[in-house]
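K.L.:
In UniProt numbering, the protein residues as written are 1 to 338. Heads up, the beta-carbon is just placed ideally off N, CA and C, and yes, glycines get one too. The structure displayed is predicted, hence computed values, not measured ones.
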Ligand SMILES: NC(=O)c1ccc[n+]([C@@H]2O[C@H](COP(=O)([O-])OP(=O)(O)OC[C@H]3O[C@@H](n4cnc5c(N)ncnc54)[C@H](OP(=O)(O)O)[C@@H]3O)[C@@H](O)[C@H]2O)c1
């Protein structure tokens, strides 16, 4: 495991949102950052930010649903910057809609990008890391990969699947006493462009379920996980911890709670037409498109820090103790309400 910079870092979904913020964070450390996504306008702006921050950047337009393209990007990354030290899987898309309003083709596309994109990225990274016996893979996960919510069935399915295949891979690496590590960072709601460009069939503008954090909170957690990848999983944000603990304690109660609150909590009051442009099949930040950047439209409501993230990284015992206390509290609630 190499933790000293500069390192070669590959990030999928680096043209916007969390991936973009993570690219900036690695750039500030002087790392060599390979940026994968489809949108060339977004990639060019992300590359300029990495270089302005003191790193080196290589943008490679890539659709992560194409395994051969992801593998070719990995080859190009190593030809340009040398062995890949860290691979961050982040790229995703979704459809915000009731399950009945999603077509089979759309469900498949979300799965191919948001689940298989992580699988293909992991395969490309692992194939190269195995030849050297070292390397780190960081999966950008979500609290919704443990606890599903309404209106995001394809996405929640993909995020759950990422946890499953990663856990299996981790057991194989441990079995082999490998110095290749894979870790998952479970994220809370974040202020990123996804809510403005994901295909939505909701009547009102999609929003992350509050509390909302800024993408830099996620980026700091990704950099920390890349430096400390032996841990199986990281939880970012008190809302993520509460969601995961609550799901283990009272899953059926949460079903009913989310059935009541999950439709309204995922939409603002602003009406949106059914023909809003979306990035499911093609990027919106392509050559003739707009650069969306790391942040979404919720700057005025987003938190720039997460005390829970700090606690999880710096005082693991305390954070486990807090999780245990929360578990006991949820168990008591379950006994009352089930
Ligand atoms: N925002 C949240 O509330 C939140 C919460 C928990 C977890 N997460 C996780 O964080 C990660 C990033 O989410 P985000 O909110 O930052 O998303 P985002 O703002 O929508 O950005 C998504 C990134 O993925 C890229 N992408 C989309 N389709 C792609 C494809 N087919 N091939 C390659 N790249 C593709 C996009 O660029 P192009 O369109 O240019 O390709 C963009 O760079 C996801 O894994 C998500 O599950 C987000």
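Skipping 5 residues on each side, what residues in its chain have a beta carbon closer than 6 Å to that of residue 146?
P.N.:
The residues are 244 and 247.
K.L.:
Going by the beta-carbon positions, is the gap between residue 280 and residue 109 smaller than 7 Å?
P.N.:
Closer than 7 Å, so yes.
K.L.:
Using a Cβ-Cβ cutoff of less than 6 Å, which residues in the same chain neighbour residue 59 once the five nearest sequence positions on both sides are dropped?
P.N.:
Closer than 6 Å at the Cβ level, and outside the excluded window around residue 59, lie 35, 43 and 47.
K.L.:
In chain order, what residues of the same chain lie with their CB nearer than 6 Å to the CB of residue 50, ignoring the 5 residues before and after it?
P.N.:
Contacts found: 23, 27, 33 and 57.
K.L.:
Beta-carbon within less than 8 Å of residue 317's beta-carbon, same chain only, minus the 5 sequence neighbours each way: which residues are those?
P.N.:
At residue 317 the pLDDT is 45, less than 50, meaning the model places this residue with poor confidence and gives no usable figure here.
K.L.:
So, under 8 Å CB-CB, residue 85 and residue 135 are touching, yes? Tell me the CB distance rounded to an integer number of Å.
P.N.:
Right, their Cβ atoms sit about 6 Å apart.
K.L.:
In whole angstroms, give me the CA-to-CA distance for residue 234 and residue 286.
P.N.:
So the alpha carbons of these two residues sit roughly 33 Å apart.
K.L.:
Report yes if the C-beta of residue 90 is less than 6 Å from at least one heavy atom of ligand 1; otherwise report no.
P.N.:
True, at least one ligand heavy atom lies under 6 Å from that Cβ.
K.L.:
Shorter than 6 Å, the distance from the beta carbon of residue 38 to the closest heavy atom of ligand 3, or not?
P.N.:
Looking for ligand 3 in the displayed structure turns up nothing; the ligands present are ligand 1.
K.L.:
If the criterion is Cβ atoms closer than 7 Å, does the pair residue 182 and residue 87 meet it?
P.N.:
No, they are not a contact pair.
K.L.:
Which whole-angstrom value describes the C-beta separation of residue 225 and residue 185, a residue pair presumed to lie in contact below a C-beta threshold of 8 Å?
P.N.:
Rounded, the Cβ-Cβ distance is 5 Å, consistent with contact.
K.L.:
Suppose the cutoff is 6 Å on Cβ atoms and the five residues either side in sequence are ignored; what does the same chain contact list for residue 149 look like?
P.N.:
Excluding sequence neighbours, residue 149 sits near 258 and 262.
K.L.:
So residue 195 and residue 207 are supposed to be a Cβ contact under 8 Å. How far apart are they, rounded?
P.N.:
The Cβ separation is near 6 Å, so the contact holds.
K.L.:
Quick one: what's got a C-beta closer than 7 Å to residue 70's C-beta in the same chain, skipping five residues either side?
P.N.:
If we look at residue 70 and ignore the five residues flanking it on each side, its Cβ neighbours are 62, 64, 120, 121 and 124.
K.L.:
Roughly how many angstroms separate the alpha carbons of residue 175 and residue 187, rounded to a whole number?
P.N.:
Spanning the two alpha carbons is a distance of roughly 28 Å.
K.L.:
Between residue 5 and the rest of its own chain, which residues show a CB-CB distance below 7 Å, the 5 nearest in sequence each way excluded?
P.N.:
Excluding positions up to five away in sequence, the list reads 29, 30 and 31.
K.L.:
Can you tell me which residues form a DSSP beta bridge with residue 70?
P.N.:
In the DSSP output, where bridge partners are listed per residue, residue 70 has none listed.
K.L.:
Quick check: what's the CA-CA separation for residue 155 versus residue 230?
P.N.:
Distance between the alpha carbons of residue 155 and residue 230 is about 27 Å.
K.L.:
Any heavy atom of ligand 1 closer than 6 Å to the beta-carbon of residue 192?
P.N.:
Checking the Cβ of residue 192 against ligand 1 gives yes.
K.L.:
What is the DSSP secondary structure of residue 214, counted as helix, strand or coil?
P.N.:
Note: residue 214 maps to coil in three-state DSSP.
K.L.:
Please identify the residue among 16, 201 and 41 whose C-alpha is closest to the C-alpha of residue 101.
P.N.:
Comparing Cα-Cα distances from residue 101 to each of 16, 201 and 41, the minimum goes to 201.
K.L.:
Just to confirm, does residue 140 get its C-beta within under 6 Å of one of the non-hydrogen atoms of ligand 1?
P.N.:
Answer for residue 140: yes, Cβ within range of ligand 1.
K.L.:
Return the residue from the list 132, 300, 115 and 252 that minimises the CA-CA distance to residue 210.
P.N.:
Selected option, being the one with the closest Cα: 300.
K.L.:
Residue 291 and residue 53 - do their beta-carbons sit closer together than 7 Å?
P.N.:
No, Cβ-Cβ distance for residue 53 and residue 291 is not below 7 Å.
K.L.:
The alpha helix (DSSP H) with residue 157 in it runs from where to where?
P.N.:
Where residue 157 is concerned, the enclosing alpha helix (DSSP H) stretches over 153-175.
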